[in-house]
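Residue numbers (the numbering used here), protein chains in the order written: chain A, 3 to 277; chain B, 471 to 840.
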Amino acid sequence: MSGNSWGRVGRLGYLAYCSAVFLFLTAPILVIVPLSFNVEPYFTFTEGMLSLDPQAYSLRWYRTVAEDPQWLRALANSLVIGFAATALATALGTLAALGLSNPAMPGRSLAMSLLISPMVTPVIISAAGMFFFYSDLGLAQTYPGLILAHTALGTPFVVITVTATLSGFDPNLTRAAASLGAGPVRTFRRVQLPLIAPGVISGALFAFATSFDEVVTVLFIGGLDQRTIPRQMWAGIREQISPAILAVATVLIAFALLLMVVVEWLRRRGNAKPA
Amino acid sequence: MDSPQKVHVEFEGVSKSYDGRTVVVRDLDLAVYEGEFLTLLGPSGSGKTTCLMMLAGFQTPTSGTIRIGGRAVDDLPPRKRDIGVVFQNYALFPHMTVGENLSFPLEVRGMEPRQIRERVRGALELVRLEGLEGRRPGELSGGQQQRVAIARALVFEPALVLMDEPLGALDRRLREEMQYEVRRIQRRLGVTVVYVTHDQQEAMAMSDRVAVFQRGRIEQVAPPEALYEEPQREFVARFIGDNNLLRGKVVGVEGDFCRVEVGGQIVTAFRVVPCEVGDPVSVAIRPERVAVAPEPGLYGNEFDAGIDDITFLGDHLRLRMTVCDTPDFIAKIPNIVGHGAVLEGDRVRVGWTLTDGRVLEPDGPETGSK
Ligand SMILES: Nc1ncnc2c1ncn2[C@@H]1O[C@H](COP(=O)(O)OP(=O)(O)OP(=O)(O)O)[C@@H](O)[C@H]1O
Ligand SMILES: [Mg+2]
Numbered sequence: 003m004s005g006n007s008w009g010r011v012g013r014l015g016y017l018a019y020c021s022a023v024f025l026f027l028t029a030p031i032l033v034i035v036p037l038s039f040n041v042e043p044y045f046t047f048t049e050g051m052l053s054l055d056p057q058a059y060s061l062r063w064y065r066t067v068a069e070d071p072q073w074l075r076a077l078a079n080s081l082v083i084g085f086a087a088t089a090l091a092t093a094l095g096t097l098a099a100l101g102l103s104n105p106a107m108p109g110r111s112l113a114m115s116l117l118i119s120p121m122v123t124p125v126i127i128s129a130a131g132m133f134f135f136y137s138d139l140g141l142a143q144t145y146p147g148l149i150l151a152h153t154a155l156g157t158p159f160v161v162i163t164v165t166a167t168l169s170g171f172d173p174n175l176t177r178a179a180a181s182l183g184a185g186p187v188r189t190f191r192r193v194q195l196p197l198i199a200p201g202v203i204s205g206a207l208f209a210f211a212t213s214f215d216e217v218v219t220v221l222f223i224g225g226l227d228q229r230t231i232p233r234q235m236w237a238g239i240r241e242q243i244s245p246a247i248l249a250v251a252t253v254l255i256a257f258a259l260l261l262m263v264v265v266e267w268l269r270r271r272g273n274a275k276p277a
Numbered sequence: 471m472d473s474p475q476k477v478h479v480e481f482e483g484v485s486k487s488y489d490g491r492t493v494v495v496r497d498l499d500l501a502v503y504e505g506e507f508l509t510l511l512g513p514s515g516s517g518k519t520t521c522l523m524m525l526a527g528f529q530t531p532t533s534g535t536i537r538i539g540g541r542a543v544d545d546l547p548p549r550k551r552d553i554g555v556v557f558q559n560y561a562l563f564p565h566m567t568v569g570e571n572l573s574f575p576l577e578v579r580g581m582e583p584r585q586i587r588e589r590v591r592g593a594l595e596l597v598r599l600e601g602l603e604g605r606r607p608g609e610l611s612g613g614q615q616q617r618v619a620i621a622r623a624l625v626f627e628p629a630l631v632l633m634d635e636p637l638g639a640l641d642r643r644l645r646e647e648m649q650y651e652v653r654r655i656q657r658r659l660g661v662t663v664v665y666v667t668h669d670q671q672e673a674m675a676m677s678d679r680v681a682v683f684q685r686g687r688i689e690q691v692a693p694p695e696a697l698y699e700e701p702q703r704e705f706v707a708r709f710i711g712d713n714n715l716l717r718g719k720v721v722g723v724e725g726d727f728c729r730v731e732v733g734g735q736i737v738t739a740f741r742v743v744p745c746e747v748g749d750p751v752s753v754a755i756r757p758e759r760v761a762v763a764p765e766p767g768l769y770g771n772e773f774d775a776g777i778d779d780i781t782f783l784g785d786h787l788r789l790r791m792t793v794c795d796t797p798d799f800i801a802k803i804p805n806i807v808g809h810g811a812v813l814e815g816d817r818v819r820v821g822w823t824l825t826d827g828r829v830l831e832p833d834g835p836e837t838g839s840k
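As structure tokens, this is what we get:
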């Protein structure tokens, strides 16, 4: 009897503990969402908001952002740099993963660690290094410079996701294609790519998210012309505190959620497919 | 096999080592004739797949030359060899339908869509899978996938087809059915097939010739009957069917026969391989050739035997005996009226003809590592 009720208490305690951890992790993010609809230019909940008065809520800050040329410019920059870096990172990362999946390749693990090192190196160090290196090459404060920097940060994600997908890939399929007369390019396009596509796409999404979020290298390498959304938020918080930032943040949260759902969906599809 | 045949594939002094230390295929010489069904048979790890992969071009020999149609193929990549390959796990493209799998090699060759459709239909007819073009490999049974894999290896009409244990994953009945099918297709198309298996019955049932592999070497290449009737080495005698082996020393040679002392008694046996007085040899006798309690004087070899046990196996009885001091000597006698004459523990006479006992080279240390 008492053992049973202790089990109940234990379970409730466990649930409470998990909820607390969950809340701790998400509250700072979740609190932003309602605040972004604040009619007043404050970062705090007004009395009207707390009593759920519809008058206390508005889309005011969303409109501000949508009409502000600086924010629009930042969005355009983020998209251009994000897409370009993603395209490069995906192509390079996929090629690297294909090469690294060949057991005959010498120095595989060394090459692998080098390739994914940008993931474990503190980004401030990479960014500082890139700053000096790119300045010498004339790449600092240019779009190509920023695109290359984000490519370096995004490539490891592609290498990892594609390598994971390739581990379930039957190497006899490549051999079969060769025995049927197909060259390497056709084999890649018709046999390998369709089968590793889920890995390639989720890698690309991670690479894009990395570039889209990234502020440190932008601070170092980006000039005024290359302000991305996170960089603009950084400036906004320091210079002109306004809930417009919260509106942008909410949009970014929604966007990130969408990416995560897509990645998860791809992962399940990839798993469900017979190898 | 009477007309003089053209050599299609030739291995000449081919050796292979993956790591530079252990030799997986050792100094291999082998010719495969046009239109022949040749099987590489041997235990696991004996180097069969390695040979096939070198022929297909996925592995390069460490030394030696492989020729296809008289041409050395050392520098020819797999895709230019025009060889159909059936992989053990089928290796069908899972994201393509059966029809797309079969069209793939034809598209690569730039064939017209109409012609492709015709060829695909023909290939599916050949393997009796008409009407399954639209299915994905995942929607087919194991036997059907196997047929698709065979069809894909044949659809571009290669002159040479390699098959690596293609029936390994099928259950027994389907296996036997497919053995027959593969043989039928091969005969009909007249293609050369190099087939790999570790199942000796499969090798016997399908092949024109069988090459018995052990530790990267060919022990013997011969048609199935010859392999069964005239094994030249102990390994082959033990690997193909059952055999009793009596180990002894040659004490006399007379023409095609020699006398071998085994456990103090003299066995007369047919000399399949050359031997001289004093050589250590094995005498192999098939269990079904041993007569139990024969009329005296009927056989060239007759000995006393103690029956250790008798196993009833339906159509025959299996007697385990001790003969010439050698235990586990097996005799198979048909289950016919009168078999009740022998009982466990009996002492009987056993006999076999002079030609049913065969002198072989024993497996010396030389066969093993080097
Ligand atoms: N890619 C490889 N790298 C290193 N060693 C290998 C490789 N492939 C095979 N081997 C080794 O070579 C030897 C022969 O292998 P192989 O696959 O040719 O044997 P097999 O006769 O086909 O055996 P099975 O009947 O088990 O398929 C084995 O000892 C195996 O471990
Ligand atoms: Mg094998």
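Glycine residues also receive a C-beta, built at the ideal position from the N, C-alpha and C atoms. Source: prediction; values computed, not measured.
Residues of chain B with a CB under 7 Å from the CB of residue i: which are they?
i	result
Ala281/A	Shown here, chain A extends from 3 to 277; a query on residue 281/A therefore has no answer.
Let's see if you can read the secondary structure: which residues bound the beta strand (DSSP E) around residue i?
i	result
Pro804/B	Thr796 to Pro804
Ile553/B	Ile553 to Val556
Tyr665/B	Thr662 to Thr667
Thr176/A	No beta strand (DSSP E) contains Thr176/A, which is instead part of the alpha helix (DSSP H) from Pro173 to Ser181.
Note down, in chain order, every chain A residue with its Cβ under 7 Å from the Cβ of residue i.
i	result
Val578/B	Leu182, Gly183, Ala184 and Arg188
His565/B	Pro196 and Leu197
Pro575/B	Leu182 and Gly183
Can you tell me the Cα-Cα spacing of residue i and residue j, whole angstroms?
i	j	result
Glu506/B	Glu651/B	16 Å
Asp778/B	Glu689/B	33 Å
Leu141/A	Ala154/A	14 Å
Leu2/A	Ile126/A	Not covered by the structure: residue 2/A. The range shown for chain A is 3 to 277.
Arg269/A	Ser204/A	8 Å
Gly638/B	Thr519/B	13 Å
Glu831/B	Lys802/B	25 Å
Leu261/A	Gly84/A	14 Å
Leu14/A	Leu25/A	16 Å
Tyr16/A	Ala29/A	19 Å
Asp816/B	Val753/B	25 Å
Thr163/A	Pro56/A	45 Å
Ala58/A	Glu42/A	8 Å
Ala707/B	Leu594/B	40 Å
Val631/B	Val556/B	8 Å
Gly612/B	Leu640/B	7 Å
Arg741/B	Phe727/B	5 Å
Please classify residue i: does DSSP put it in a helix, a strand, or coil?
i	result
Asp138/A	helix
Ala763/B	coil
Lys476/B	coil
Thr532/B	coil
Ser752/B	strand
Gly711/B	coil
Leu54/A	coil
Thr825/B	coil
Glu582/B	coil
Ala64/A	Inspection of the sequence shows that residue 64/A is occupied by Tyr rather than by Ala. Tyr64/A falls in the helix class under three-state DSSP.
Leu781/B	It is worth fixing the name first, because residue 781/B is Thr in this sequence and not Leu. Of the three classes helix, strand and coil, the one that applies to Thr781/B here is strand, per DSSP.
Looking at residue i and ligand 2, is the gap between the Cβ and the nearest heavy atom below 8 Å?
i	result
Thr212/A	no
Lys476/B	no
Gln558/B	yes
Asp669/B	no
Val664/B	no
Glu635/B	yes
Asp518/B	The sequence shown places Lys at residue 518/B, rather than the Asp named in the question. Yes, the Cβ of Lys518/B comes within 8 Å of a heavy atom of ligand 2.
Determine the extent of the alpha helix (DSSP H) in which residue i is found, giving its start and end residues.
i	result
Ser169/A	Tyr145 to Ser169
Cys521/B	Lys518 to Ala526
Phe208/A	Leu195 to Asp215
With hydrogens ignored, establish whether the beta-carbon of residue i is closer than 8 Å to any heavy atom of ligand 1.
i	result
Gly484/B	The sequence as given places Val at residue 484/B; Gly does not occur at that position. No - ligand 1 has no heavy atom lying nearer than 8 Å to the Cβ of Val484/B.
Cys521/B	yes
Ser514/B	yes
Thr492/B	yes
Identify the contact partners of residue i in chain B, using a Cβ-Cβ distance below 9 Å as the criterion.
i	result
Val193/A	Phe563, His565, Met566 and Phe574
Asn104/A	Those within 9 Å of Asn104/A in chain B number zero; the least Cβ separation is about 12 Å.
Against residue i, what residues of chain B qualify as contacts under a CB-to-CB distance less than 8 Å, listed in chain order?
i	result
Arg177/A	Ala526, Phe528, Pro548, Val555, Phe557 and Ala561
Asp70/A	Under the 8 Å cutoff, chain B gives no residues; its nearest Cβ is about 47 Å from Asp70/A.
Identify the contact partners of residue i in chain A, using a Cβ-Cβ distance below 9 Å as the criterion.
i	result
Phe626/B	Leu182 and Gly183
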